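A.B. asks: Mind having a look at this structure? Questions to follow.
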Amino acid sequence: MLSGLVFNIQRFSVQDGPGIRTTVFLKGCPAACPWCHNPESQSSRPEILFAEERCIGCGQCLLVCPLTEAPAKGKPGAPGTRCLGCGACVAACPSEARRLAGASLSVAEVMREVRADRIFQEESGGGVTFSGGEPFAQFPFLLALLEACRAEGMHTAIDTCGHAPREHVRAVAPFTDLFLYDLKLIDARRHRDVTGIPNAQLLANLRFLAQSGGALRLRVPVIPGVNDAAADVDALARFAASLDGVRGVDLLPFHRTGARKFARLGRAFPLADIVPPSAERLADIAARFREHGFEAAILG
Amino acid sequence: MNERTTRLRQKSLDARPAISPERAEILTAFYRENEGKHSAPVMRALAFHRLCERKTIHIGAGELIVGERGPAPKEVPTYPELTCHSLEDLDILDTRPKTSYAVSAACRMAYAERIIPYWRGRSLRDRIFAALSPEWHDAYAAGVFTEFMEQRAPGHTVLDDKIYGKGLLDFKADIAAAAAALDFARDPRAYDRSEQLRAMDIACDAAILFAARHAALAEQLARADSDPPRREELLHIAAVCRRVPARAPRDLYEALQYYWFCHLAVITELNGWDSFNPGHLDQHLLPFYQRGLAAGTLTREGARELLECFFIKFNNHPAPPKVGVTAAESGTYTDFANINIGGLLRDGSDGANEVSHLLLDIIDDMHLLQPSSNLQLASRTPEELLRHVLRVVRKGYGFPSLFNADAVVAEQLRQGKSLEDARAGGCSGCVETGAFGKEAFILTGYFNLPKVLELTLNDGLDPRSGRQLGPRSGTAASHATFDDLFAALRRQLQHFVDIKIAGNQLIERVYATHMPAPFLSVLIDDCVARGTDYNAGGARYNNSFIQGVGIGTISDSLSAIRELVYERTELPLADLCTALSADFAQHEPLRQRLLNKTPKYGNDDAAADRIMTRVFAAFCEAIDGRPNTKGGHYRVEMLPTTCHVYFGSLCGASADGRRAGTPLSEGISPVQGADRKGPTAVFLSAAKMDQIRTGGALLNMKFTPALLAGEEGIARLAQLVRSYFRLGGHHVQFNVVGADTLRAAKARPQEHRDLIVRVAGYSDFFCDLSEALQDEIIARTEHAAF
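One line per chain: the protein sequences are A and B, in this order.
Each position in the first sequence, counted from 1, maps to that position plus 11 in the working numbering.
Each position in the second sequence, counted from 1, maps to that position plus 2 in the working numbering.
Here it is, written out as structure tokens:
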């Protein structure tokens, strides 16, 4: 059976679509947004997260590592670039200082997990959300999961930036009740500079989905110095307003919780100096969208 | 709150609990004069009459609802006929850092000179301890179980609607009719019944006299009061107290005052567990409320003021002072009156009404420690009422708690009650299910499940004392399979349940024989019709409960043993036991492995949850359905009050990675911090327990305020609760407070005196909790999913 790389299945998700949801995070993303709050979602290989404060220095990890990657003395640090992501140290670690991000799961295994909260999903009008990473990066797996959910009558959502060939978007649309569509910058050059991918395809796919009448909700990360200037916000709002039938937007303010995960991956947090947007600034931005007829929410 | 109730509330909050020797003095003098002259029920009734006749009557400035158990608010009487405090007890009560009661020099002297000399050796506590077996005492001292009735009477009962249509004069007529129907020629117990009925009749007179004394005092105060409006109020109080409880109430004011006199009478007669409780107050008051509004004699504001005065009365009454193990298992001022909101009517229709919302507004506004409140949430309860409740819950006082009214009915049907009686029932105390007005549902003591596992792992020997307490069920090395170990556990469990029940039966009979409760018996069906006391099986239903504690801890411990010892065979059980007896010294990696690498209850993990259900089933099988001495049966409940801290202090390290002496898990909640998959997984795990077999199972959840922000947050919480109840859950309660706030309150209590948190079936001032319990509440998982 088809399988894919999943780095988390979050139950009781309440900001990834309507109701109480189970969010399946697929690992691997073509973009490299420096504000990513799940940096372990970016690589399409399994990775080890190391939480230093939990390490008791017992050295079990050193005994089992095939590369003896970690330093020989003291508390072993986050794995370096040679790490195979084999997970031997994770299994050996008694204190859960090491966690494996990225497990290969079959469609059936994922379905077993998302089915567990069925009663809560039904009671709340919730369902399942596929997030990432970029879920389209594992298109066959994503499609199979969506089909399986549809067969069981579950409400489905995809949280995507839209980096996918049109035929993939077209293929999943019939099985997707809601697209949570990321929209970061309209300026093509700056979009490519900051995220590493161009935005032409993303915007085109968005327009395609809007025209085909699928349920869409926009998600705009608010990153100070990247896309929070008045001109950028106006460009976003104008573009959004030009889409047919799209009237909901969630603002996702930059926050620093991702910093801890960067550290656990042994990576430097690229936006360490950025201050999260103030409540007033967020309210201003929400107001700009409302002026264009949008229902805007600020998520935590 | 208006100006009056704001002032009365503040006065109630400011009053410091103190011991009043008055009741003990009156009672001691009465017993000295009358010992040996009367049958036990008549003696008790006459003693109660003497109290009603002599005790100080108090009517506070500005009060509308009147009556105090002691001479003034928070002056708490003692019950030396049950437990006679020693001078050392009084010193401890006076000076202990938490839940203290001031003891005056005069009180000490009264005890030294008159009270102790008479009651030492005569109090029920002395007699019970002398009569119990050495095995019972050993297990009790080791912390295998506690005993509710060693210093407090069987109580824990709730009133139905019967007083709102009948006065005590009407009850006296019922009593006379029952007495007239006695057949001395054919009924061998006719004399017993006639004495019991005579006692009930005297008790009714006593309560009417007690009210009349309030009427007289009100009239006297009115004559002396220069303020005309207050004079009018006092004269109205007098008129109300002349009407009720003698005759049926005609309006909301009389209904509330009537209940309050019954409440005072019950808690003056004896110090029953969990005071007394009006039950479905919204349902009972609705006719009075509607009639008053229709007739133009009542406004919503007027009703609210009366209800607020009524609520303050509860807050004026801290629990009777507890000492010893009883203080440890229930360390709180709360006396557990728990008002039921919503629920079902007898015909199965929705019981929620406009008074339900009025009560919620008051609870929200006053946030008093007492009375507690709960929502009886049936599948047909309107969503509007649930959301209203959750908006109060969000404030973070820990109440109202939420109960599954449909499950509460199912639990009672399983116990053999009629459908109508089950629907008219509800919950009291922490989470306990009962048929209101018709049942003696008696909690008898907590039972320490992890301690039984510790004894099992040590071949019946208690490592703490070095004494052989249980049967030799096999050494750790001798259990070749997990099933072998579980069989040994069952054997130990049965052994200690037998000791507990043998003790209970003795204590039940001591109360039945020596300590009847004639006034309470008037209020509970079918004591009058049967001519039998509440404490002797007179109630229509008689369930006795043993409350299991630490199901999370024992399940995780067994799960770890099964995983490491029997499945992965990573270490022999004997080696694990060696690490446990060393409290993991030099074994930190092993402790971490136990904590992190074994399946844990509370994560919707099939393997761990199966062990939980297996332990629960074994506990039920050892207890459920065994006969008590009152024609009823033993049942299980799963709640801890504060006993999980006490029990934990007597347990060595456990195989779930818990260190020696630290708290056990509470209720049916997962081990603190062991639930890592969020609230839905906790609910799914907890619902795997067949909770319908219990008389109550307590689940505690802690949420940060952010989770409940906005109407969206309220909607999510409502959906969570509805889902859990669809799964068969009995109860859930929420602490809505950030761990940072709690840490700050612990460090600087003076700044957080008003911080109320949900403990275990009740709410308490955070700063009044023991340090261990404070730490434990901080450690409970914060479900910060956002």
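We put the beta carbon where it would ideally sit given N, CA and C, even for glycine.
The structure presented is a predicted model; accordingly, all values stated were derived computationally and were not measured.
Provide the residue(s) that pair with P232 (chain A) in DSSP beta bridges, ordered along the chain.
C.D. replies: Paired residues: A:L263.
A.B. asks: Using the Cα positions of Q285 (chain B) and A354 (chain B), report the straight-line distance between them to the nearest angstrom.
C.D. replies: Computed Cα separation, rounded: 7 Å.
A.B. asks: With a cut-off of 8 Å, does the C-beta of K599 (chain B) fall near any C-beta of chain A?
C.D. replies: Yes, K599 (chain B) counts as interfacial toward chain A.
A.B. asks: Output, in sequence order along the chain, the residues in the segment 330-361 of chain B whose CB is closer than 8 Å to any CB in chain A.
C.D. replies: Those residues of the segment 330-361 of chain B that come within reach of chain A (Cβ to Cβ, closer than 8 Å) do not exist; the list is empty.
A.B. asks: Which residues in chain A sit within 9 Å of D606 (chain B), going by Cβ to Cβ distance?
C.D. replies: Chain A residues near D606 (chain B): R22, A127, D128.
A.B. asks: Which chain B residues sit within Cβ distance under 8 Å of P264 (chain A)?
C.D. replies: The premise fails here: P264 (chain A) is roughly 13 Å from chain B at the closest Cβ pair, so nothing lies under 8 Å.
A.B. asks: Counting only C-beta atoms, is P82 (chain A) closer than 8 Å to chain B at any point?
C.D. replies: Because P82 (chain A) sits at a pLDDT of 48, beneath the cut-off of 50, its placement in the model cannot be relied upon, and the point is left open.
A.B. asks: Leaving out the 5 sequence neighbours to the left and right, which residues in its chain are closer than 8 Å to D227 (chain B) when beta-carbon positions are compared?
C.D. replies: These residues qualify, in order along the chain: R233, L236.
A.B. asks: Give the DSSP-derived three-state secondary structure of V286 (chain A) in the structure shown.
C.D. replies: Three-state DSSP puts V286 (chain A) in coil, outside helix and strand.
A.B. asks: Is R123 (chain A) helix, strand or coil by DSSP?
C.D. replies: Helix, per DSSP.
A.B. asks: Got a sec: which bits of the segment 722-734 of chain B sit with their beta carbon under 8 Å from any beta carbon on chain A, in order along the chain?
C.D. replies: Answer in chain order: L722, R724, S725, R728, L729.
A.B. asks: Between the segment 580-598 of chain B and chain A, which residues of the former have a C-beta closer than 7 Å to a C-beta of the latter?
C.D. replies: Per Cβ criterion, the list reads E590, P591, Q594, R595, N598.
A.B. asks: Is G298 (chain B) close to chain A? Criterion is C-beta to C-beta, closer than 8 Å.
C.D. replies: No - not a single Cβ of chain A is within 8 Å of the one on G298 (chain B).
A.B. asks: CA-CA distance, R126 (chain A) and L722 (chain B)?
C.D. replies: Their Cα atoms are separated by approximately 16 Å.
A.B. asks: To the nearest angstrom, report how far apart T477 (chain B) and D626 (chain B) are at their CA atoms.
C.D. replies: Answer to the nearest angstrom: the Cα atoms are 29 Å apart.
A.B. asks: Compare the C-alpha of D766 (chain B) against each of B:N317, B:A42, B:T97, B:A31 and name the closest.
C.D. replies: Residue B:N317 is the option with its Cα nearest to D766 (chain B).
A.B. asks: Write down every uninterrupted run of the beta strand (DSSP E) in the segment 372-403 of chain B whose length is 3 residues or greater and which is fully enclosed by it, in chain order.
C.D. replies: If we require 3 residues or more, the beta strand (DSSP E) runs fully inside the segment 372-403 of chain B come out as 374-379.
A.B. asks: Hey, out of B:L66, B:F498, B:P73, whose CA is closest to I21 (chain B)'s CA?
C.D. replies: The option with the nearest alpha carbon to I21 (chain B) is B:P73.
A.B. asks: Measuring CB to CB, does L388 (chain B) end up less than 8 Å from L377 (chain B)?
C.D. replies: Yes, they are a contact pair.
A.B. asks: For R52 (chain B), collect the residues of the same chain with a Cβ closer than 7 Å to its Cβ; drop the 5 residues on either side in sequence, then sort them by chain order.
C.D. replies: Only I28, F32 meet the Cβ criterion.
A.B. asks: Measuring only between beta-carbons, confirm whether E107 (chain A) sits less than 8 Å from chain B.
C.D. replies: Yes, E107 (chain A) counts as interfacial toward chain B.
A.B. asks: Please list, in chain order, the residues of the segment 125-158 of chain A that have any C-beta partner in chain B closer than 7 Å.
C.D. replies: Under the 7 Å Cβ criterion, the segment 125-158 of chain A contributes A127, D128, I130, F131, E134, S135.
A.B. asks: For F54 (chain B) and A208 (chain B), which I take to be in contact (beta-carbon distance under 8 Å), what is that distance rounded to the nearest angstrom?
C.D. replies: One detail in the question is off: residue 54 (chain B) reads as Cys in this sequence, not Phe. So it is a contact: roughly 4 Å between Cβ atoms.
A.B. asks: Closer than 7 Å, Cβ to Cβ, to anything on chain A: give me those residues from the segment 667-690 of chain B, in chain order.
C.D. replies: Within the segment 667-690 of chain B, the qualifying residues are K679, G680, P681, T682, A683, L686.
A.B. asks: Verify whether the separation of the beta carbon atoms of F278 (chain B) and A213 (chain B) is less than 8 Å.
C.D. replies: For F278 (chain B) and A213 (chain B), no; Cβs fall outside 8 Å.
A.B. asks: Assuming E51 (chain A) and L60 (chain A) are in contact, meaning their beta carbons sit under 8 Å apart, how far apart are those beta carbons, in whole angstroms?
C.D. replies: The pair is a contact, with the Cβ atoms about 6 Å apart (cut-off 8 Å).
A.B. asks: Based on DSSP bridge pairs, tell me the residues matched to L48 (chain B).
C.D. replies: DSSP lists no partner for L48 (chain B).
A.B. asks: Classify A205 (chain B): buried if its beta carbon has 16 or more other beta carbons within 10 angstroms, exposed otherwise.
C.D. replies: Buried, since its Cβ has 16 or more Cβ neighbours within 10 Å.
A.B. asks: So, are the CB atoms of A655 (chain B) and D585 (chain B) less than 8 Å apart?
C.D. replies: Yes; because the gap between Cβ atoms is below 8 Å, this pair is in contact.
A.B. asks: Please return the same chain residues whose Cβ sits closer than 6 Å to the Cβ of T206 (chain A), not counting the five positions on each side in sequence.
C.D. replies: These residues qualify, in order along the chain: A42, C44.
A.B. asks: Spatial neighbours of D163 (chain B) within its chain, please: C-beta separation below 6 Å, excluding the five flanking residues on both sides.
C.D. replies: Contacts found: H286.
A.B. asks: If the cut-off is 8 Å on Cβ atoms, which residues from the segment 45-77 of chain A count as contacting chain B, listed in chain order?
C.D. replies: For the segment 45-77 of chain A, which is checked against every Cβ of chain B, the residues closer than 8 Å are I67, C69, Q71.
A.B. asks: Under a Cβ-count criterion, where at least 16 other Cβ atoms within 10 Å of its own Cβ denotes burial, should P384 (chain B) be classed as buried or exposed?
C.D. replies: The residue is exposed, with fewer than 16 neighbouring Cβ atoms inside 10 Å.
A.B. asks: Determine, for I31 (chain A), whether the minimum Cβ-Cβ distance to residues of chain B falls below 8 Å.
C.D. replies: So, interface residue.
A.B. asks: Assuming E778 (chain B) contacts V684 (chain B) under a Cβ cut-off of 8 Å, what Cβ separation, rounded to an integer in Å, is found between them?
C.D. replies: About 17 Å; that fails the 8 Å criterion.
A.B. asks: So which of B:L596, B:D558, B:D577 has the shortest CA-CA distance to E605 (chain B)?
C.D. replies: Residue 605 (chain B) is actually Asn in this sequence, not Glu. The option with the nearest alpha carbon to N605 (chain B) is B:D558.
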